[in-house]
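Okay, structure first, notes after.
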Amino acid sequence: MDTKKSYHLREGVQVRKEIFGLLFYDYRGPKLYFVPTKNLIGNDFFNGTQTAEGLIESIRTHHRQSRQSSQQWVLQVLTMLEQKGLVHG
52 MDTKKSYHLR
62 EGVQVRKEIF
72 GLLFYDYRGP
82 KLYFVPTKNL
92 IGNDFFNGTQ
102 TAEGLIESIR
112 THHRQSRQSS
122 QQWVLQVLTM
132 LEQKGLVHG
């Protein structure tokens with residue numbers, strides 16, 4: 052996966068911040084997806100202004116995680132969201 056990509060919600064998908072993380076609602080289903088991101092990814096990440104690389108660096112800096120674990124986690128979450136058809140890069 053290219054960490055230089057930014058991500059947008061697919062048409063018909065909304066995201067909302069919750070206590071556990073993010074809640075995605077896909078009107079095409081309709082389906083709900085609970086993603087336990089805690090406070091590591093905000094719902095505004097999916098407006099396409101920040102790259103995956105920027106998110107990785109933000110997590111690494113603000114949450115004192117290693118670059119490798121931050122990158123692995125971010126890429127895992129984004130890959131899953133893409134596979135579910137909720138976001139695109």
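In this note's numbering, the protein residues as written are 52 to 140. Every residue, glycine too, gets a C-beta built ideally from N, C-alpha and C.
Contact check, residue i vs residue j, beta carbons under 8 Å
{"i": "Val86", "j": "Phe75", "result": "yes"}
Supposed close pair residue i, residue j - CB separation, criterion 8 Å
{"i": "Asn98", "j": "Lys68", "result": "About 13 Å separates the two Cβ atoms, so there is no contact after all."}
{"i": "Ala103", "j": "Lys56", "result": "6 Å"}
Cut-off 8 Å between Cβ atoms - residues of its own chain near residue i, not counting five sequence neighbours on either side
{"i": "Val138", "result": "Tyr58, His59, Leu60, Arg61, Val64, Phe97, Leu129 and Leu132"}
{"i": "Thr100", "result": "Ser57"}
Opposing strand residues paired with residue i [DSSP bridges]
{"i": "Leu60", "result": "Val138"}
Neighbourhood of residue i by C-beta distance below 7 Å, restricted to the same chain and skipping five residues each side
{"i": "Ser121", "result": "Ile107, Ile110 and Arg111"}
{"i": "Gly72", "result": "Val86, Pro87, Thr88 and Lys89"}
{"i": "Arg79", "result": "Gly63"}
Neighbourhood of residue i by C-beta distance below 6 Å, restricted to the same chain and skipping five residues each side
{"i": "Arg118", "result": "Arg111"}
- Enumerate, from N- to C-terminal direction, the unbroken beta strand (DSSP E) stretches of 3 or more residues contained entirely within the segment 65-107. Listed in chain order, they are 73-77, 82-86 and 98-102.
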